[in-house]
Every structure is written in structure tokens, then in C-alpha cells.
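Count the sequence shown with the working numbering and you get residues 77 to 209, in order. The beta-carbon is built from N, C-alpha and C at its ideal position, and this holds for glycine as well.
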Amino acid sequence: MKGSCLCGQIQYEVQALASAIQHCSCRSCRKAHAAAFNTAAAVKPEHFKWLSGEHLLKSFESSPGKHRYFCGNCGTHLLKKTDGRETFTLRVATLDDDPGQVPALQIWASHAVPWLGHGPAVVAYEEWEPGHE
Ligand SMILES: [Zn+2]
Ligand SMILES: [Zn+2]
């Protein structure tokens with residue numbers, strides 16, 4: 077599977093996910109990703125490689141020993157590394173290919189925003205909503 081950042085300068089390849097896919101609703105993920113939750117899965121270092129743009133990576137230590145890696149050009153978060161932990165944590169939404177599995181759990185539900193709505197109560201359009209300008 078391949079993945080990339082928004083500007084496309086950073087590309088990576090991952091051979092397999094090493095955990096279930098999970099939604100993380102923690103406050104740090106919400107802010108880092110500017111989203112109600114972050115969808116993530118573990119990957120083994122030997123199954124992950126940067127294909128291009130690695131020199132553009134920047135990182136931010138959001139809590140002690142926890143380093144969030146993102147594209148220094150477009151800001152897309154791609155990977156998290158925690159000191160002393162063998163696996164990386166991939167930002168699954170940056171995959172350009174279907175990982176072939178769906179999320180199995182949500183973590184940090186205690187931090188979940190009260191306003192998140194999805195499902196049949198939220199009207200869905202294939203692209204923009206009618207009348208969008
Ligand atoms: Zn980028
Ligand atoms: Zn989180």
C-alpha cells in the first residue's frame with residue numbers, strides 16, 4: 077500500500093498494518109489533525125519505508141517521548157513514533173490505497189467531542205452540496 081501527504085512530495089509504502097485500525101479521540105490527536113478524531117494503526121518499521129520527500133519531514137513532541145511527524149510543506153501528519161516502542165503509528169487516512177480492513181475500536185472516548193455527528197442523520201452528497209458556490 078502506498079500513501080502520501082496533501083502536497084504529494086512525501087510518499088511512503090507500507091507492506092502491512094500491525095494492528096487493528098482505531099479511531100483516537102484524544103485531545104492531542106484532535107488538535108494535531110484538526111479533526112474530531114484521528115484514524116491510526118500500528119506498523120512495523122521493517123514494513124514501512126519513505127519513497128520520497130523524507131527530507132521535508134518535521135516532528136513535534138506532543139507529549140514526552142511522543143513524536144508526531146508531518147510534512148513541513150503542507151502540514152499533513154503521517155506517522156507517530158514513541159520512544160522505546162518498537163512499532164510506529166501510521167495515520168491511516170493518508171493511505172492512497174484501501175487497507176482492506178475497517179476500524180475495530182475507538183480509544184480515548186473520554187475526550188470525544190460532544191458535537192460529532194455522522195451516519196444517516198447527516199445528509200451525504202457525492203461532492204459539494206446543492207447550491208455550493
Ligand atoms: Zn506535503
Ligand atoms: Zn490520540
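Kindly indicate the opening and closing residues of the beta strand (DSSP E) around residue 167.
Here the question's residue 167 lines up with position 91 in the sequence shown. Counting along the chain, the beta strand (DSSP E) containing residue 167 begins and ends at 164-167.
Taking 7 Å as the line, does the beta carbon of residue 149 fall inside it for any heavy atom of ligand 2?
On the sequence shown, position 73 is the one that residue 149 refers to. Incorrect: residue 149 has no Cβ contact closer than 7 Å to ligand 2.
Mapping the DSSP letters down to three states, classify residue 116 as helix, strand or coil.
To locate residue 116, count along the sequence shown from 1; it is residue 40. The answer is strand: DSSP assigns residue 116 an E or B state.
Please tell me whether, using a cut-off of 7 Å, the distance from the CB of residue 184 to the nearest non-hydrogen atom of ligand 2 is below it.
Within the sequence shown, residue 184 is the residue found at index 108, counting from 1. Checking the 7 Å criterion, the Cβ of residue 184 is within range of a heavy atom belonging to ligand 2.
Go to residue 104, then tell me how far its alpha helix (DSSP H) extends in each direction, as first and last residue.
In the sequence shown, residue 104 corresponds to position 28, counting from 1. First-last of the alpha helix (DSSP H) with residue 104: 103-109.
Report yes if the C-beta of residue 85 is less than 7 Å from at least one heavy atom of ligand 1; otherwise report no.
Here residue 85 refers to the residue found at position 9 when the sequence shown is read from its first residue. Yes, since a heavy atom of ligand 1 falls inside the 7 Å radius drawn around the Cβ of residue 85.
Would residue 166 pass as a contact of residue 181 if the rule is Cβ separation under 8 Å?
Mapped onto the sequence shown, residue 166 falls at position 90. Mapped onto the sequence shown, residue 181 falls at position 105. For residue 166 and residue 181, no; Cβs fall outside 8 Å.
Alpha carbon to alpha carbon, how far is residue 185 from residue 124? Give it in angstroms, no decimals.
The count along the sequence shown starts at 1 and reaches residue 124 at position 48. The count along the sequence shown starts at 1 and reaches residue 185 at position 109. In a straight line, the C-alpha of residue 124 is about 28 Å away from that of residue 185.
Let me know the secondary structure DSSP gives residue 194 once reduced to three states.
As a working note, residue 194 is residue 118 in the sequence shown. Residue 194 falls in the coil class under three-state DSSP.
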